[in-house]
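2 protein chains.
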Amino acid sequence: MPTPPIHPEPATAEAPLTPAIIFEMLQAHQRTAALKTAIELDLFRALGHEPGDASTIAQACSASPRGIRILCDFLVINGVLAKEAGGYRHTPLSATFLDPRSPASVASIARFLTNPAMQDTYKNLTDIVRAGRTTMEGDGSVEPENPIWVQFAETMAPMMAPLTAPLGAVVLEGHSGPMRVLDIAAGHGLFGIEIAKQNPQARVTGLDWAPVLRVALENARRSGVEDRYNMLPGSAFDVDFGGPYDAVLLTNFLHHFDQPTCVGLLKKVHAALRPGGRAATLEFVPNEDRVSPPMPAAFALTMLTSTAAGDAYPLSELSAMYAEAGFKDVTAHPIPMSPHTIVMGTA
Amino acid sequence: MPTPPIHPEPATAEAPLTPAIIFEMLQAHQRTAALKTAIELDLFRALGHEPGDASTIAQACSASPRGIRILCDFLVINGVLAKEAGGYRHTPLSATFLDPRSPASVASIARFLTNPAMQDTYKNLTDIVRAGRTTMEGDGSVEPENPIWVQFAETMAPMMAPLTAPLGAVVLEGHSGPMRVLDIAAGHGLFGIEIAKQNPQARVTGLDWAPVLRVALENARRSGVEDRYNMLPGSAFDVDFGGPYDAVLLTNFLHHFDQPTCVGLLKKVHAALRPGGRAATLEFVPNEDRVSPPMPAAFALTMLTSTAAGDAYPLSELSAMYAEAGFKDVTAHPIPMSPHTIVMGTA
Numbered sequence: 186m187p188t189p190p191i192h193p194e195p196a197t198a199e200a201p202l203t204p205a206i207i208f209e210m211l212q213a214h215q216r217t218a219a220l221k222t223a224i225e226l227d228l229f230r231a232l233g234h235e236p237g238d239a240s241t242i243a244q245a246c247s248a249s250p251r252g253i254r255i256l257c258d259f260l261v262i263n264g265v266l267a268k269e270a271g272g273y274r275h276t277p278l279s280a281t282f283l284d285p286r287s288p289a290s291v292a293s294i295a296r297f298l299t300n301p302a303m304q305d306t307y308k309n310l311t312d313i314v315r316a317g318r319t320t321m322e323g324d325g326s327v328e329p330e331n332p333i334w335v336q337f338a339e340t341m342a343p344m345m346a347p348l349t350a351p352l353g354a355v356v357l358e359g360h361s362g363p364m365r366v367l368d369i370a371a372g373h374g375l376f377g378i379e380i381a382k383q384n385p386q387a388r389v390t391g392l393d394w395a396p397v398l399r400v401a402l403e404n405a406r407r408s409g410v411e412d413r414y415n416m417l418p419g420s421a422f423d424v425d426f427g428g429p430y431d432a433v434l435l436t437n438f439l440h441h442f443d444q445p446t447c448v449g450l451l452k453k454v455h456a457a458l459r460p461g462g463r464a465a466t467l468e469f470v471p472n473e474d475r476v477s478p479p480m481p482a483a484f485a486l487t488m489l490t491s492t493a494a495g496d497a498y499p500l501s502e503l504s505a506m507y508a509e510a511g512f513k514d515v516t517a518h519p520i521p522m523s524p525h526t527i528v529m530g531t532a
Numbered sequence: 186m187p188t189p190p191i192h193p194e195p196a197t198a199e200a201p202l203t204p205a206i207i208f209e210m211l212q213a214h215q216r217t218a219a220l221k222t223a224i225e226l227d228l229f230r231a232l233g234h235e236p237g238d239a240s241t242i243a244q245a246c247s248a249s250p251r252g253i254r255i256l257c258d259f260l261v262i263n264g265v266l267a268k269e270a271g272g273y274r275h276t277p278l279s280a281t282f283l284d285p286r287s288p289a290s291v292a293s294i295a296r297f298l299t300n301p302a303m304q305d306t307y308k309n310l311t312d313i314v315r316a317g318r319t320t321m322e323g324d325g326s327v328e329p330e331n332p333i334w335v336q337f338a339e340t341m342a343p344m345m346a347p348l349t350a351p352l353g354a355v356v357l358e359g360h361s362g363p364m365r366v367l368d369i370a371a372g373h374g375l376f377g378i379e380i381a382k383q384n385p386q387a388r389v390t391g392l393d394w395a396p397v398l399r400v401a402l403e404n405a406r407r408s409g410v411e412d413r414y415n416m417l418p419g420s421a422f423d424v425d426f427g428g429p430y431d432a433v434l435l436t437n438f439l440h441h442f443d444q445p446t447c448v449g450l451l452k453k454v455h456a457a458l459r460p461g462g463r464a465a466t467l468e469f470v471p472n473e474d475r476v477s478p479p480m481p482a483a484f485a486l487t488m489l490t491s492t493a494a495g496d497a498y499p500l501s502e503l504s505a506m507y508a509e510a511g512f513k514d515v516t517a518h519p520i521p522m523s524p525h526t527i528v529m530g531t532a
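If you read the protein sequences in the order shown, they are chains A and B. Sequential numbering from 186 applies to the first sequence in my numbering. Sequential numbering from 186 applies to the second sequence in my numbering.
Set out below in structure tokens:
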């Protein structure tokens with residue numbers, strides 16, 4: 186696979202300083218649009234295993250040869266496709282993760298990540314930085330019943346699926362026998378469902394807005410665990426958790442809120458756990474410098490634009506929240522080959 | 186300067202295949218917005234030579250500490266700023282090319298490159314690829330009197346300034362004495378002005394829309410060559426060029442049009458040159474594969490979204506156009522440390 190070479194190297198002792206990286210950043214939005222468009226045109230299905238020329242692909246996509254040629258070239262430049270004498274073909278990356286026929290395809294995440302409700306906020310980024318919070322109404326993406334979470338549940342599952350087995354293993358740690366698990370902000374439900382799959386005596390309660398839980402329940406059905414899957418519709422801050430639980434999952438959730446709100450929620454989680462029970466968060470956890478590794482650190486910008494006070498919290502801050510809420514033995518488990526870390530505390 | 190590490194490496198024999206690059210591309214629009222916002226907030230002026238913390242910078246930018254902290258961290262992740270214990274500071278890149286106090290600052294290019302008239306077209310990219318042409322009205326960016334070209338002239342000059350000396354040297358090649366030069370699509374006028382500066386006996390005629398030429402004339406005044414600078418307002422396709430000229434400049438222009446249109450214009454240029462006179466184009470010229478080098482090759486996408494039939498033409502195609510228009514001795518002169526190439530033909 187070719188190296189995506191559109192990103193100019195930063196200047197070093199050997200390379201002279203040029204403004205190329207500035208030009209490239211100011212055009213970076215093209216990369217988002219190009220990949221989104223290729224997915225919308227079903228380009229990655231149209232590409233066969235033999236190289237295809239622009240006209241053939243254009244016909245399959247009901248598009249123009251000029252448009253397809255320039256789009257495909259752009260995707261080659263960015264390392265997504267390959268080009269050779271006979272035309273364009275899949276790279277291992279596109280065949281694995283973008284061809285809708287691949288079981289590992291994540292193409293659906295484009296719908297959530299380029300959702301106008303999320304992406305259009307960047308038009309207001311200057312005002313957002315001035316104000317220090319989202320310019321969306323109310324609490325932004327976590328406003329009650331925000332329909333984007335149905336879309337998240339429907340489209341982001343392929344990105345989360347590889348994380349479920351590691352999370353299940355860390356939470357269960359060989360634990361078998363009857364157990365009750367609460368999955369807060371269940372979304373697609375995959376994390377709770379994985380626990381139910383790994384432990385046939387586990388009963389899982391998914392908590393989320395009712396329209397979101399319909400997606401989770403459908404996934405539970407597909408996995409054959411719906412008889413052990415209960416639904417608790419509503420807000421994590423308002424509904425009675427019930428319990429006691431042996432484990433509580435808090436995946437992709439704490440980052441939406443400020444520290445006092447997170448501590449309050451963790452206290453409520455603590456109160457719903459049996460003594461010795463575990464709370465496990467799945468988070469983007471940057472290093473203490475907040476600028477590395479790049480993916481978890483950059484996630485803070487998404488929280489700036491879409492929430493009132495959320496953040497990508499480093500481990501020291503997550504640990505402090507857990508401790509303040511009464512948890513002990515807080516441990517961090519980075520998931521290999523992913524930007525996510527599991528942080529776990531014991532009640 | 187730190188390597189911008191947000192771009193995941195493509196998979197190699199050593200690195201496992203992950204969808205990180207897909208996630209990154211779908212979020213790449215954030216990089217454009219972040220740099221644009223930092224420029225709008227005058228962040229690069231607010232940064233001193235000593236590290237400054239988020240609160241201090243926020244005060245200087247009339248912004249919030251949370252917003253500035255997350256924005257600055259994002260710029261560090263992308264290799265634009267540096268962060269150390271005491272706070273944020275300039276990198277050589279930002280001090281040279283983004284601080285408005287630097288004579289080499291290119292910060293103004295953000296206004297043209299993120300102009301909503303240009304950037305918003307990417308919302309329609311799927312329709313554009315289907316149609317094979319811009320969805321802007323008429324001929325898109327080259328519609329008569331399109332106001333974006335005044336903005337281009339006003340803001341893109343710093344990006345073009347380093348190219349003027351190489352272009353002047355190639356066109357003049359030691360030629361001194363009286364000469365007449367026509368600068369088609371003069372814009373900021375810097376290329377023609379450079380010829381007038383290098384040869385005190387050169388007279389330059391700038392051709393562009395009248396409101397654009399006002400910017401060129403102001404630049405000619407600043408350079409002290411206004412007494413040898415004439416204006417020819419109108420469309421390059423419609424106005425009488427006059428002549429004969431010793432040299433004609435066609436900078437950043439041919440890429441907007443299809444090949445027959447380019448050939449027609451080059452014939453008109455040929456007719457306006459004295460025998461042995463030179464036509465010099467400044468262009469993004471990709472290799473014959475149309476996918477390298479990345480910057481000139483990727484420029485084709487800008488032509489797809491903003492024109493009816495423009496392109497980033499490889500040298501074989503530009504040479505063929507020149508030949509068809511009657512030019513001989515066509516030569517290419519890549520400008521070092523820039524994505525631009527000068528292509529020159531002799532009448």
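Virtual Cβ for every residue (Gly too), placed ideally from N, Cα, C. Given the structure is predicted, the values throughout are model-derived calculations rather than measurements.
Boundaries of the beta strand (DSSP E) in which residue i is found, first to last residue
i        : result
A:Phe469 : Leu458 to Phe469
B:Tyr507 : First-last for B:Tyr507: Leu500 to Glu509, but that is the alpha helix (DSSP H), not the beta strand (DSSP E).
B:Glu269 : Leu266 to Glu269
A:Asp514 : Lys513 to Pro519
A:Gly530 : His525 to Thr531
A:Thr436 : Tyr430 to Thr436
A:Arg274 : Gly272 to His275
Best match in the options for proximity to residue i [C-alpha to C-alpha]
i        : options                                   : result
B:Asp368 : B:Pro347, B:Pro385 and B:Ser420           : B:Ser420
A:Asp443 : A:Val470, A:Gly462 and A:Ala497           : A:Ala497
A:Thr487 : A:Gly317, A:Leu232, A:Gly511 and A:Val261 : A:Gly317
B:Thr531 : B:Ile520, B:Pro519, B:His518 and B:Lys513 : B:Lys513
A:Gly272 : A:Pro236, A:Ala245 and A:Pro288           : A:Pro236
A:Met416 : A:His441, A:His440 and A:His373           : A:His373
B:Gly462 : B:Tyr430, B:Leu451 and B:His440           : B:Tyr430
A:Asp423 : A:His455, A:Leu392, A:Ile224 and A:Phe259 : A:Leu392
B:Arg365 : B:Ile224, B:Leu310 and B:Leu434           : B:Leu434
B:Val470 : B:Pro524, B:Ala205, B:Lys453 and B:Pro445 : B:Pro524
A:Ala371 : A:Arg407, A:Leu450 and A:Leu398           : A:Leu398
Residues that residue i contacts on chain B, provided the C-beta gap is smaller than 7 Å
i        : result
A:Tyr307 : His214, Gln215 and Ala218
A:Thr311 : Thr222, Glu225 and Leu226
A:Leu439 : Going along chain B, no residue has its Cβ under 7 Å from A:Leu439, so there is no contact; the nearest lies around 16 Å.
A:Ile255 : Ala485, Leu486 and Leu489
Partner residues on chain A for residue i, Cβ-Cβ distance less than 8 Å
i        : result
B:Gly317 : Ala248, Ser249, Pro250, Arg251 and Gly252
B:Arg230 : Per Cβ cutoff of 8 Å: no residues; B:Arg230 is ~15 Å from chain A at best.
B:Met522 : Pro201 and Thr203
Contacting residues, own chain, Cβ-Cβ under 8 Å from residue i (five flanking each side not counted)
i        : result
A:Ala354 : Gln383
B:Glu330 : Trp394 and Pro396
A:Leu232 : Ile242, Leu266, Tyr273, Arg274, His275, Ser279 and Asp284
Nonlocal neighbours in the same chain, by C-beta distance under 6 Å from residue i, ignoring five residues either side
i        : result
A:Glu379 : Thr349 and Gly353
A:Ala239 : Pro250, Ile253 and Arg254
B:Lys268 : Val261
B:Val448 : Met506, Glu509 and Ala510
B:Tyr414 : Val389 and Ala405
B:Leu450 : none
B:Ser491 : Thr319, Gly325 and Ser326
B:Glu339 : Val400
A:Arg230 : Pro285
Start and end residues, alpha helix (DSSP H) containing residue i
i        : result
A:Ala219 : His214 to Glu225
A:Asp258 : Pro250 to Ile262
B:Arg230 : Leu228 to Ala231
A:Arg286 : Here A:Arg286 belongs to no alpha helix (DSSP H), and DSSP marks it neither H nor E.
B:Met522 : Looking at the DSSP string, B:Met522 is not in any alpha helix (DSSP H), and its letter there is neither H nor E.
Beta-carbon contacts of residue i that lie in its chain and below 7 Å, excluding the five residues immediately before and after
i        : result
A:Ala289 : Thr281 and Phe282
B:Ala248 : Leu226
A:Ala381 : Ala387, Val389, Val410, Arg413 and Tyr414
B:Thr222 : Leu256
Neighbouring residues, chain A, relative to residue i (Cβ below 9 Å)
i        : result
B:Val291 : Pro204, Ile207 and Phe208
Partner residues on chain B for residue i, Cβ-Cβ distance less than 9 Å
i        : result
A:Ile294 : Pro204, Ile207, Phe208 and Leu211
Under 7 Å from the C-beta of residue i: neighbouring residues of chain A
i        : result
B:Arg588 : For residue 588 of chain B there is no data in the structure shown, the boundaries of chain B being 186 and 532.
Whole beta strand (DSSP E) runs in the stretch 344-421 of chain A with 3 or more residues, listed along the chain? For the stretch 344-421 of chain A, whole beta strand (DSSP E) runs of length 3 or above, ordered along the chain, are 364-369, 387-393 and 414-418.
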